[in-house]
Amino acid sequence: MYPDEIDAKIAAIDVRSVDYETILAELRGAIGADTATILLLDRTGSILDPTATSGLDRTLRRARRIPVGQGFAGTVAATRAPYEITDVSPQNVLNPVLLEHRVHSLLGVPLLFNGRLLGVLHVGVLKRHTFSGEEHTLMERFAAKLAAEIHARRLAEERSAARILQHSLLPSAPSLVGDWAIAARYIPAEGDLGGDWYDVFNLENGRIGIVMGDVIGHGLQAAVVMGRLRSALRAYALEHSSPAEVLTRLDAKLSHFERGALATVLFGVSEAPYETWTFSSAGHMNPILAAPGRPAAEAPLATDPLLGFRPGRARRETTLTFPPGASICLFTDGLIERRPATRPGQNDELQANLDKLMAAFHAEDDPETACSRIITAVVGDHLAEDDMAMLIAHRAA
Amino acid sequence: MDLTITAEPADNGRIRLRLNGSVDLVSRDALLEHGRSALLETPAGLLLNLSEVNFMDSAGIGTLIALSREAEDSGAGFAIEKPSQRVERLLTLTGLHDAWTEQPPSELT
C-alpha cells in the first residue's frame, strides 16, 4: 500500500462513536499491524494502565501496569516522543502479553492533548519490521486525533459521574415538619458542575436540621468532597446539639482529611414547637427572611470563616424566632453571583440580584411557589454559569 | 476582564501586589505565580491592594486563601488593603475580611 492510501484509511477511522477496541482494530487494518494497544496514564501520572487492545488477549487481565520511564510504553511516556523497537525481548519490554504473543517489532507514540500526556498508543508486528518515516508520521497524526477523543470522553464521564453523585446526595422530597413546609431546588450549571448541596434531616427527639453548603471548586472532585461533608455533617449533628459545635468539628475534619478544600456551610437546627431556628454560618451567604406584612430582609446571622480556612477557632450561632406565616430562604451564591460583563459599569450585580430575590420572596407563597418565583426573578432565562441551590422553609400561618 | 498585577515595595519590607481586574478561575495561575515570586523575594510578607478588583468569585477567594497559606507556611505575613465595596462584601460574607485586615496600631497594643 502507498502511504497516501494508508493515510486516507487512517483518516477515515471513526473515533467518535465506537469503543477503543474497535478503533484499534481499524487502526491495525489500516496500517497493517498485528497488534494495537492503548495505555492510559493514571491519576498519579506515574503509571500506565493498559486500557484497550486489539490482536492480543482480549481481557488485558494479565497485562501489567507500566511505570512511566520503564519498559517500552514507559519510555514513550517519559520522553513524550515516538519510539520503536525492532527486536522485542524481555530486556526492552515489560509486558508479558507482548512477549508471549511473539511480537517482534513495536512502534509507540505519546497520546498528547494540549501538551498534556494522556497515555501511549502502540502497534506491534509479528515479523521483524523497521517502521518507515511515513508510518511514524501517520501514527503521530492518528494519536493526536485519538487523544482529543480520549480527553472528550473523560470529561463526559467525569461530568456524568459528578451529576449522578450530586443527584444521589440531594434529598428527593424535603417535606413537612411540625407546621413547617420545605421545598428545595438544585440547578446544575451548563457544562460545569460545582459542589453545591442542601440537606434536610430528622434528628433525635423531634429535632430537625437543614443545611445549605457550597464546596469551592468544580467537577467531580468538588462533588466528592461535597458528599463527604454532607455525611460527616449528618453524623456530627447526631452527636452534638449545637450547630456551632457541629461546624467546628466539620471544619477540623475537612482541614485534616481534605487539605486545601474550602466550603461555605449554613447549618440550622429547630426543635418542637419549631418557633425558632438556631444557625451557625461558615462564611455562607446570609439567608433571607420574609414575614407577613414585612418586606423580605437578610437574616442578621453572625458569620464565621468558611470551612478549611483556619480550623480550631470558636464558632458562633444565632437563634432566629419565626412568627406564624414566616419563611426563610437559604441559597448558594450561584443564585445571585453573576459576572459584571452582562452590564458593564454596574459593579454590584451581587446586590442587585439580592434585591431581586428579596422583591420576589413573599411570606404568603407556599415554598414551592416561592422557589419558582425567585428563580424566575433572579435567573430568568440566563444560562447558569455556576450551579445553584435554594431551600425555602415556611411556617404555616 | 483580565487581571493586571503590579508589584511594588510596601512598609516593613513587604511587597504590595496591586490587583486590577477580575480575581477568578481565569486569573488564578497568574496571581499564584506573582504571589510566589514575591514571597521568594521577601520573607516579610504580602500586602494585596484590592481597590481595583471589580470581580471576585469563589474561585478567586480560593486563590487568595491558597496564597495566604503559602505565605504563612513560609513564615511570611499576608494582609489585604482597600478592598472595593464588592470585594469587601464578599470577604465579610465568607468571614475572611477580619482575618486579613490589619488593625490600626492603637488596637494592636
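Heads up: the sequence lines are chains A and B, in that order. When we follow this note's numbering, the leftmost residue of the first sequence carries the number 1, and every step to the right adds one. When we follow this note's numbering, the leftmost residue of the second sequence carries the number 1001, and every step to the right adds one. Beta carbons: idealized from backbone N, C-alpha and C, even for Gly. Small disclaimer: the values here were computed from a predicted structure and weren't measured.
The segment 117 to 131 of chain A makes contact with the segment 67 to 78 of chain A; the number of CB pairs closer than 8 Å reaches 3 or more. Contact between the segment 263 to 276 of chain A and the segment 300 to 310 of chain A is established, with three or more Cβ pairs separated by less than 8 Å. Sequence-distant Cβ neighbours of Gly268/A in its own chain, meaning closer than 6 Å and more than five residues away, are Ile210, Trp277, Phe279. Between Pro1083/B and the set Ala1038/B, Met1056/B, Ile1005/B, the nearest pair of CA atoms involves Met1056/B.
Remark: C-beta atoms of Ala222/A and Gly260/A do not approach each other more closely than 8 Å.
Residues of the segment 1080 to 1093 of chain B that bring their beta carbon within less than 8 Å of a beta carbon in chain A comprise Ser1084, Gln1085, Arg1086, Arg1089, Leu1090, Thr1092, Leu1093, in sequence order. By the C-beta criterion, the segment 94 to 107 of chain A is judged to be in contact with the segment 33 to 40 of chain A, since at least 3 inter-stretch pairs fall below 8 Å. The C-alpha of Glu21/A lies about 10 Å from the C-alpha of Leu27/A.
Around the beta carbon of Pro292/A, a 10 Å sphere encloses fewer than 16 other beta carbons of the protein chains shown; the residue is thus reported as exposed. Of the candidates Pro287/A, Arg154/A, Glu258/A, the residue whose Cα lies closest to the Cα of Leu330/A is Pro287/A. With a beta-carbon spacing of about 17 Å, Ser1058/B and Asp251/A fall beyond the 8 Å limit used to define contacts. Straight through space, the alpha carbons of Asp19/A and Glu245/A are spaced by roughly 51 Å.
Under the Cβ distance rule, Pro305/A counts among the residues neighbouring chain B, one pair being separated by less than 8 Å. Contact with chain B is absent for Gly219/A, since none of that chain's Cβ atoms lies less than 8 Å from the residue's Cβ. In the structure shown, Met285/A adopts coil according to DSSP, grouped into three states.
Shown here, Gly119/A sits in a strand according to DSSP, grouped into three states.
Of all C-beta pairs linking the segment 224 to 242 of chain A to the segment 140 to 155 of chain A, fewer than three are shorter than 8 Å, placing the two stretches out of contact. Counting C-beta atoms within 10 angstroms of its own C-beta, Asn95/A has 16 or more neighbours from the protein chains shown and is therefore classed as buried.
Taking C-alpha positions only, Pro82/A is separated from Ala152/A by approximately 23 Å.
Pairing Asp1073/B with Leu1067/B, the inter-Cα distance amounts to about 10 Å. The beta-carbon of Gly1021/B is placed no less than 8 Å from the nearest beta-carbon of chain A. Annotation: the continuous beta strand (DSSP E) that includes Gly209/A extends over 208 to 218. According to the DSSP assignment, Glu298/A belongs to no alpha helix (DSSP H) but to the beta strand (DSSP E) extending over 294 to 298. Asp179/A and Val1023/B have their alpha carbons spaced roughly 44 Å apart. Interface with chain B (8 Å Cβ-Cβ cutoff): Phe309/A is included. With respect to the C-alpha of Ala290/A, the residue from Met226/A, Ala397/A, His167/A having the closest C-alpha is Ala397/A.
Residues are counted here when their Cβ sits less than 8 Å from a Cβ of chain B; for the segment 245 to 261 of chain A these are Gly260, given in chain order.
For Ala252/A, no beta strand (DSSP E) encloses it; the enclosing alpha helix (DSSP H) starts and ends at 243 to 257.
Annotation for Pro90/A: Leu99 place their beta carbon closer than 8 Å to its own, counting only its chain and skipping 5 residues before and after. Rounded to whole angstroms, Leu350/A and Asn205/A show a C-alpha spacing of 39 Å. Per DSSP, the continuous alpha helix (DSSP H) segment holding His1034/B begins and ends at 1028 to 1041. Sequence-distant partners of Ser46/A (beyond 5 residues in either direction) whose C-beta falls short of 8 Å from its own C-beta, in its chain, are Pro67, Val68. For Leu1025/B, the closest of Arg1069/B, Glu1070/B, Asp1002/B by C-alpha to C-alpha distance is Asp1002/B. Any Cβ of chain B closer than 8 Å to the Cβ of Met139/A would place that residue at the interface, and such an atom is absent.
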